[in-house]
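Residue 369 in UniProt numbering sits at position 369 of the sequence shown, and the numbers go up by one each step. In what follows, a single structure is set out as structure tokens and then discussed.
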Amino acid sequence: MLKKVDLTVNSHHDFTLLASAMLLVSLGLTMVFTSSTVMANAQYQDPYFFVKRQGAYALLGMVILGLGRSIDYHLYKRWVYWFLLLALIGLVLVFLPGLGAKVRGAARWVRLGPVTLQPSEFAKLAMVIFLAYSLSRKQEKMKYFAIGFLPHMVIAGMFVALIGKEPDFGTALTLASIVFIMLLVGGTRFTYILISFSLAAPLAVVMVMRDPKKFSRILSFLDPWKYGQDVGYQLKQSLLAIGSGGLFGIGPGQSRAKLFYLPDAHTDFILAIFSEELGFVGVILILALFTLLVYRGLVVALRAPDAFGSYLALGLTLLISLPACINMGVVSGILPTKGLSLPFLSYGGSSLLVNLLAVGILLNISSQIKRPAAAGPNGTQARKPQDAASS
1 MLKKVDLTVN SHHDFTLLAS AMLLVSLGLT MVFTSSTVMA NAQYQDPYFF
51 VKRQGAYALL GMVILGLGRS IDYHLYKRWV YWFLLLALIG LVLVFLPGLG
101 AKVRGAARWV RLGPVTLQPS EFAKLAMVIF LAYSLSRKQE KMKYFAIGFL
151 PHMVIAGMFV ALIGKEPDFG TALTLASIVF IMLLVGGTRF TYILISFSLA
201 APLAVVMVMR DPKKFSRILS FLDPWKYGQD VGYQLKQSLL AIGSGGLFGI
251 GPGQSRAKLF YLPDAHTDFI LAIFSEELGF VGVILILALF TLLVYRGLVV
301 ALRAPDAFGS YLALGLTLLI SLPACINMGV VSGILPTKGL SLPFLSYGGS
351 SLLVNLLAVG ILLNISSQIK RPAAAGPNGT QARKPQDAAS S
């Protein structure tokens, strides 16, 4: 269970958390523009096609962030099962002809007129809210298998299975990791999680071995240079782009990898373009902003006024940080290619909206934290105005 801090006086906005997110969004819009202009002009005869759409999502995201900041997070308890139901429906809709949209054989999107949504992004948020609600209610019973572990795994298993069937192994892995970490922090016995992992790992290996596409990704991960002309091409180009950037980069807008050399330059591999143009120093800036955001998210989790707020803040922080870590690992060749976007930076409306909503909810939890009152001139604790009036 998350440790609580002594609380006495209401706090205000968490400027560091908000500023980190806003800077990441701004950098993301800049990099979507510089990494996509050539492809956008070739495909849509409009070099600003992708950045205009991402800008529209960013503006909508700011509104959603504001709503998340304004709505008392305790109200989500009333809607938690509706969130789960809607998320489940969304995950099913991707497989329906006429609604589901396939890209490269993956059915991850739902097309609603000109708008395309990725239900798995919203499913992660729904699962975080559900787990926070459930863990906060079962704090004293989390060590019991039938109460603290099995029900959560059944629900999470349905979500992970549907996402894996799309297929979207990266998001499925992220969701499973969030669930395991939250359950562990919530008090579930580590033995249960270890047994589940032991059962799931061989199944995952079999699935990878039977799927030529997934198996080829493992081969390219093990030796991208050997397979650099086929299955390892994307990773090879990513590493070349990163290496070309050096310490300070070759300059904004000067990337060569985006000239149809690096696939998904404006989505999953946008960090490679960022590294090429702004160098190691630019990547350190990105890492610093993510570190600040995650640090503030964890501080909110530790200081939240109740268990629900603590678990919710932890889950939202994981929702942002885990995909970021996995994406950076993939782009740099530390992890096999998984098709996972970089939060706030990669092109993609659903991811941006969900992450900005997550920041808004974190800000709402932070605004309800009570902190130690400031000491008076003589070292005594300052009193609240109403206390002074009544004395």
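Virtual Cβ for every residue (Gly too), placed ideally from N, Cα, C.
{"Asked": "Residue burial classification, Met209 (beta-carbon count within 10 angstroms, cutoff 16)", "Found": "exposed"}
{"Asked": "Where the beta strand (DSSP E) through residue 393 begins and ends", "Found": "For residue 393 there is no data in the structure shown, the boundaries of the chain being 1 and 391."}
{"Asked": "Alpha carbon of Tyr44 to alpha carbon of Thr37, nearest angstrom", "Found": "10 Å"}
{"Asked": "Rounded C-alpha distance that separates Phe83 from Ile320", "Found": "19 Å"}
{"Asked": "Environment of Ser70 [buried if 16+ CB atoms lie within 10 Å]", "Found": "exposed"}
{"Asked": "Contact the region 301-308 vs the region 132-140: 3+ CB pairs below 8 Å", "Found": "yes"}
{"Asked": "Inside the region 172-248 only - beta strand (DSSP E) runs reaching at least 3 residues", "Found": "none"}
{"Asked": "Any chain C beta carbon closer than 8 Å to Ser321", "Found": "Absence of chain C from the displayed structure is noted, only one protein chain being present."}
{"Asked": "Nearest-angstrom Cβ-Cβ length linking Ala288 and Leu316, presumed shorter than 8 Å", "Found": "Wrong, their Cβ atoms sit about 20 Å apart, outside the cutoff."}
{"Asked": "For Leu17, three-class secondary structure by DSSP", "Found": "helix"}
{"Asked": "Tyr57, buried or exposed, once every other Cβ within 10 Å from all chains shown has been counted against 16", "Found": "buried"}
{"Asked": "Given 8 Å, three or more beta-carbon pairs between the region 186-199 and the region 143-151", "Found": "yes"}
{"Asked": "Span of the beta strand (DSSP E) around Val115", "Found": "115-117"}
{"Asked": "Range covered by the alpha helix (DSSP H) that runs through Gly61", "Found": "49-70"}
{"Asked": "contact_flag[the region 354-368, the region 120-129] where n(CB pairs < 8 Å) is 3 or more", "Found": "yes"}
{"Asked": "The region 274-293 / the region 39-55 touching (three or more Cβ pairs under 8 Å)", "Found": "no"}
{"Asked": "Start-end ranges of the alpha helix (DSSP H) lying completely within the region 117-150, minimum 4 residues", "Found": "119-137"}
{"Asked": "Counted within 10 angstroms of its Cβ, other Cβ atoms place Trp109 as buried (16 or more) or exposed", "Found": "buried"}
{"Asked": "Whether Lys258 touches Ser35 by CB criterion (8 Å)", "Found": "yes"}
{"Asked": "Rounded Cβ spacing between Ala324 and Leu342 (contact assumed at less than 8 Å)", "Found": "6 Å"}
{"Asked": "Three-state secondary structure assigned by DSSP to Val92", "Found": "helix"}
{"Asked": "Rounded distance between the beta-carbons of Ser238 and Phe269, thought under 8 Å", "Found": "5 Å"}
{"Asked": "Residues that DSSP places opposite Gly100 in a beta bridge", "Found": "Val110"}
{"Asked": "CB-CB length for Leu345 against Leu27, believed under 8 Å", "Found": "6 Å"}
{"Asked": "Close Cβ partners of Leu173 (< 8 Å) along its chain, the five nearest in sequence each way excluded", "Found": "Ile326, Lys338"}
{"Asked": "Burial state of Asp14, where buried means 16 or more other Cβ atoms lie within 10 Å", "Found": "buried"}
{"Asked": "Extent of the continuous alpha helix (DSSP H) to which Leu285 belongs", "Found": "270-303"}
{"Asked": "Nearest candidate by alpha-carbon position, reference Gly243, set Lys226, Gly333, Pro212, Gly253", "Found": "Gly333"}
{"Asked": "Proximity winner among Lys52, Leu18, Leu23, Ala42, relative to Gly348 (alpha-carbon distances)", "Found": "Lys52"}
{"Asked": "The alpha helix (DSSP H) enclosing Ser321, as first and last residue numbers", "Found": "307-331"}
{"Asked": "Option nearest Ser20 by Cα separation, candidates Ile361, Met328, Ile286", "Found": "Ile286"}
{"Asked": "Own chain partners of Phe130 with C-beta closer than 6 Å, once the 5 adjacent residues on each side are dropped", "Found": "Val80, Leu84"}
{"Asked": "Arg256 to Ile250 span [Cα, whole Å]", "Found": "10 Å"}
{"Asked": "Beta-carbon gap between Leu150 and Leu363 smaller than 8 Å", "Found": "no"}
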